[in-house]
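Order-wise, the sequence lines are chains H and V. Be aware that the first sequence starts at 3, since it is given in this note's numbering, and climbs by one per residue. Be aware that the second sequence starts at 3, since it is given in this note's numbering, and climbs by one per residue. Structure record follows, encoded as structure tokens.
Number of protein chains: 2
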Amino acid sequence: MNELEMNIPTYEDVLSAHERIQPHVHLTPVLTSSYFNQLSGAKLFFKCENLQKAGVFKARGASNAVFGLSNEQARKGVATHSSGNHGLCLSYAAGRRGIPATVVMPRTAPEAKKDAVRGYGAEVVECEPSTSSREAVFGEVVAKSGADFIHPYNDPRVIAGQGTCARELAAQVQGLDAVVAPIGGGGMISGTCLTLSTIAPDVKIYAAEPKNADDAYRSLKAGHIIADDAPDTIADGLKVPLKNLTWHFVSNFVTDILLCSEREIIDAMYLIWQRMKIVVEPSSATTLAILLKNRELFAGQRVGVILTGGNVDLKKLPWMQA
Amino acid sequence: MNELEMNIPTYEDVLSAHERIQPHVHLTPVLTSSYFNQLSGAKLFFKCENLQKAGVFKARGASNAVFGLSNEQARKGVATHSSGNHGLCLSYAAGRRGIPATVVMPRTAPEAKKDAVRGYGAEVVECEPSTSSREAVFGEVVAKSGADFIHPYNDPRVIAGQGTCARELAAQVQGLDAVVAPIGGGGMISGTCLTLSTIAPDVKIYAAEPKNADDAYRSLKAGHIIADDAPDTIADGLKVPLKNLTWHFVSNFVTDILLCSEREIIDAMYLIWQRMKIVVEPSSATTLAILLKNRELFAGQRVGVILTGGNVDLKKLPWMQA
Numbered sequence: 003m004n005e006l007e008m009n010i011p012t013y014e015d016v017l018s019a020h021e022r023i024q025p026h027v028h029l030t031p032v033l034t035s036s037y038f039n040q041l042s043g044a045k046l047f048f049k050c051e052n053l054q055k056a057g058v059f060k061a062r063g064a065s066n067a068v069f070g071l072s073n074e075q076a077r078k079g080v081a082t083h084s085s086g087n088h089g090l091c092l093s094y095a096a097g098r099r100g101i102p103a104t105v106v107m108p109r110t111a112p113e114a115k116k117d118a119v120r121g122y123g124a125e126v127v128e129c130e131p132s133t134s135s136r137e138a139v140f141g142e143v144v145a146k147s148g149a150d151f152i153h154p155y156n157d158p159r160v161i162a163g164q165g166t167c168a169r170e171l172a173a174q175v176q177g178l179d180a181v182v183a184p185i186g187g188g189g190m191i192s193g194t195c196l197t198l199s200t201i202a203p204d205v206k207i208y209a210a211e212p213k214n215a216d217d218a219y220r221s222l223k224a225g226h227i228i229a230d231d232a233p234d235t236i237a238d239g240l241k242v243p244l245k246n247l248t249w250h251f252v253s254n255f256v257t258d259i260l261l262c263s264e265r266e267i268i269d270a271m272y273l274i275w276q277r278m279k280i281v282v283e284p285s286s287a288t289t290l291a292i293l294l295k296n297r298e299l300f301a302g303q304r305v306g307v308i309l310t311g312g313n314v315d316l317k318k319l320p321w322m323q324a
Numbered sequence: 003m004n005e006l007e008m009n010i011p012t013y014e015d016v017l018s019a020h021e022r023i024q025p026h027v028h029l030t031p032v033l034t035s036s037y038f039n040q041l042s043g044a045k046l047f048f049k050c051e052n053l054q055k056a057g058v059f060k061a062r063g064a065s066n067a068v069f070g071l072s073n074e075q076a077r078k079g080v081a082t083h084s085s086g087n088h089g090l091c092l093s094y095a096a097g098r099r100g101i102p103a104t105v106v107m108p109r110t111a112p113e114a115k116k117d118a119v120r121g122y123g124a125e126v127v128e129c130e131p132s133t134s135s136r137e138a139v140f141g142e143v144v145a146k147s148g149a150d151f152i153h154p155y156n157d158p159r160v161i162a163g164q165g166t167c168a169r170e171l172a173a174q175v176q177g178l179d180a181v182v183a184p185i186g187g188g189g190m191i192s193g194t195c196l197t198l199s200t201i202a203p204d205v206k207i208y209a210a211e212p213k214n215a216d217d218a219y220r221s222l223k224a225g226h227i228i229a230d231d232a233p234d235t236i237a238d239g240l241k242v243p244l245k246n247l248t249w250h251f252v253s254n255f256v257t258d259i260l261l262c263s264e265r266e267i268i269d270a271m272y273l274i275w276q277r278m279k280i281v282v283e284p285s286s287a288t289t290l291a292i293l294l295k296n297r298e299l300f301a302g303q304r305v306g307v308i309l310t311g312g313n314v315d316l317k318k319l320p321w322m323q324a
């Protein structure tokens, strides 16, 4: 086994993760909508990870990583660089365990995001908004504290944690034909592949991606990872590239990646809020967007739809802007 | 028995209603939030009727009324006057049964609300925005069609339908000490009283009401119905007065009515969206508002919180306005 193979999590890891994180995460509900069934021509089952702790599925992976640490490592704490949901969730999980967490964020990140991380008890260390500054500052943090680096998605503990979502979904909804989830770095999709390829290998797995950040789509077609420099999409959780662990799952188990435009994402997001009465972030809405534009592909099927998160600025909604 | 007594629904009616409407309504989830537990000092269980069909608990009462009609009456259809949630829910239920529904609405009502009613297949008949015009137009509609008038809340079929919500909640959450629900005309509170006074008589029932529309509060203190002319509150579902059937339940079974300001309603609404990732209308938020300002009253208790609905104009949110 090479190093990659050694790091690939197994379904046993998902089961351990599930037992480990159960006290710290919600068993999120599955909602249905006759309106969306009619609109899509399929039977849709929305797995509401926007209702998860910290408002996003990443509470699963982060909790698995944090609660799996030895006591010795836990004392030294955890660290990551993320101005988004992973930083928030790592702070949440570290706060639950009562251990130190440091999140390196660009000084230009919104104050509300820094406050949310601090609200869970983590420390925010600011860097300049560049990759070199981020890496330098992050290196210092880890060197000084000995904190364990928890990558947002290219970490077997994180992927195994995300895999618990599809395990719940498969128990909540019988006879699924397909599952649709957004793809960015590939953490949620990888966890979904890991679980379903073991317990329900006939279920097709579709990933939804913004046209404006279609690196995973092009990677799948090319047969190797393509990483874009600076994709621009409203689905800000989906801008990051695949890495070797997530590429393993995507390349082996994803049926197809389907693309949607920025307009389609915003329209789908608005429709979800309006008809389902839930707050979802743009990334989540890519799922409904691709379902509505690929009606014939899903017609008559039972489709699980993973709504990944709900962390948005309620004062800056895309349909309020000129 | 006088006429009022003959009309008071019983818990048997709730059981029949539940069986009758089950295929047509959602068993809505109960959500929890450690953030709100901490903030309130209580253990809160949010019954999410905003995730109900048509976005509001009134789908229960309307479905019970519509599906309880004889075939003969059903052919003549149903009618109501309501520019709000009841009109929408009656249209929904009539559409499910495939019978005619007419909703009399002021011509000044928002086009979006008229479209939503039409979207479920009902007919909108416009009147002038005055009580006299509404009554005249409504009288004509009923005289011509023979449609059954379904009152938004002062109807035993409607109250029995709303009572199914508390029945679900009591099955979903063990050992509740109290339940909090908003009060307007008193339909939801009456259904809650009907159910809990039978199956869990020790559970205290608190009603939440806007200070700006405190007619139910003043009625309870005075010992008789006081109806205001034109209360002005953002919680537009709560502007209507109690009537004899709902007064029966409120006066006999409600522990207390607690008031909140417009600012408190908007703040609580924003907090619910932000922390729970669900869309609730202002009326729903009165519950959290009174919980947060009466901390000592609920400290340490297990409290059911009925979030009644989520029908808001997403393009006109109160925290976006100057």
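Glycine included, each C-beta is placed from N, C-alpha and C at the ideal position.
Check	Outcome
Cα-Cα separation, residue 38 (chain H) to residue 136 (chain H)	42 Å
Supposed contact pair residue 106 (chain V) and residue 140 (chain V) - C-beta distance, whole angstroms, cut 8 Å	5 Å
Inter-residue spacing [alpha-carbon to alpha-carbon] between residue 297 (chain V) and residue 179 (chain H)	48 Å
Nonlocal neighbours in the same chain, by C-beta distance under 6 Å from residue 177 (chain V), ignoring five residues either side	304
Within the segment 19-72 of chain V, ranges of the alpha helix (DSSP H) (whole runs, at least 4 residues)	36-42 and 60-69
Residue-chain proximity (residue 63 (chain V), chain H), Cβ-Cβ < 8 Å	no
Entirely enclosed alpha helix (DSSP H) segments - the segment 114-156 of chain V, minimum 4 residues	133-147
Partners in chain V for residue 276 (chain H), counting only beta-carbon separations shorter than 7 Å	316
Classification of residue 232 (chain H) by the beta-carbon crowding that lies within 10 angstroms, buried from 16 upward	exposed
Assigned exposure category for residue 1 (chain H) - 16 Cβ within 10 Å defines buried	Missing from the structure shown is residue 1 (chain H); chain H here goes from 3 to 324 and no further.
Run of the alpha helix (DSSP H) containing residue 89 (chain H), from where it starts to where it stops	87-99
Outcome for residue 324 (chain V) when other beta-carbon atoms lying within 10 angstroms are tallied against a minimum of 16	At residue 324 (chain V), the pLDDT of 49 sits below 50, so the modelled position is not reliable; the number obtained from the coordinates is stated separately. Result: exposed.
Proximity test, Cβ basis, 8 Å: residue 122 (chain V) and chain H	no
Identity of the residue in V:244, V:258, V:25 and V:249 nearest residue 95 (chain V) by Cα	V:25
Length of the line joining the Cα atoms of residue 253 (chain H) and residue 302 (chain H)	27 Å
Residue 318 (chain H) (DSSP reduced to helix, strand or coil)	coil
Cβ pair residue 239 (chain H), residue 59 (chain H) closer than 8 Å	no
Cβ-Cβ separation, residue 291 (chain H) to residue 266 (chain H) (assumed contact under 8 Å), whole Å	4 Å
Beta-carbon proximity check, residue 166 (chain V) vs residue 62 (chain V), cutoff 8 Å	yes
Below-8 Å beta-carbon distance, residue 324 (chain V) vs any chain H residue	Note that residue 324 (chain V) scores a pLDDT of 49, beneath 50, so its modelled location is shaky; the value from the coordinates is reported in the next line. By this cut-off, residue 324 (chain V) is not an interface position.
Boundaries of the alpha helix (DSSP H) in which residue 168 (chain V) is found, first to last residue	158-174
Three-way DSSP call (helix, strand, coil) for residue 16 (chain H) in this model	helix
Chain-ordered residues of the segment 36-58 of chain H with a beta carbon less than 7 Å from chain V	52, 53 and 57
Enclosing beta strand (DSSP E) for residue 180 (chain H) [first to last residue]	180-184
Start and end residues, beta strand (DSSP E) containing residue 220 (chain V)	Note, residue 220 (chain V): premise wrong, no beta strand (DSSP E); alpha helix (DSSP H) at 217-224.
Spatial distance of residue 13 (chain H) from residue 201 (chain H) (CA atoms)	9 Å
Nearest-angstrom beta carbon gap, residue 307 (chain V) and residue 52 (chain V) [assumed within contact, 8 Å]	With a Cβ gap of about 12 Å, residue 52 (chain V) and residue 307 (chain V) do not count as contacting.
Buried versus exposed call for residue 117 (chain H) [16 or more other C-beta atoms within 10 Å across all chains shown]	exposed
Helix, strand or coil at residue 324 (chain H) according to DSSP, with G and I counted as helix	Only weak support exists for where residue 324 (chain H) lies, its pLDDT of 49 falling under 50; the value from the coordinates is given anyway. Here residue 324 (chain H) sits in coil by DSSP.
Per-residue DSSP class, three states only, for residue 109 (chain V)	coil
For residue 79 (chain V) and residue 123 (chain V), the rounded distance between their alpha carbons	12 Å
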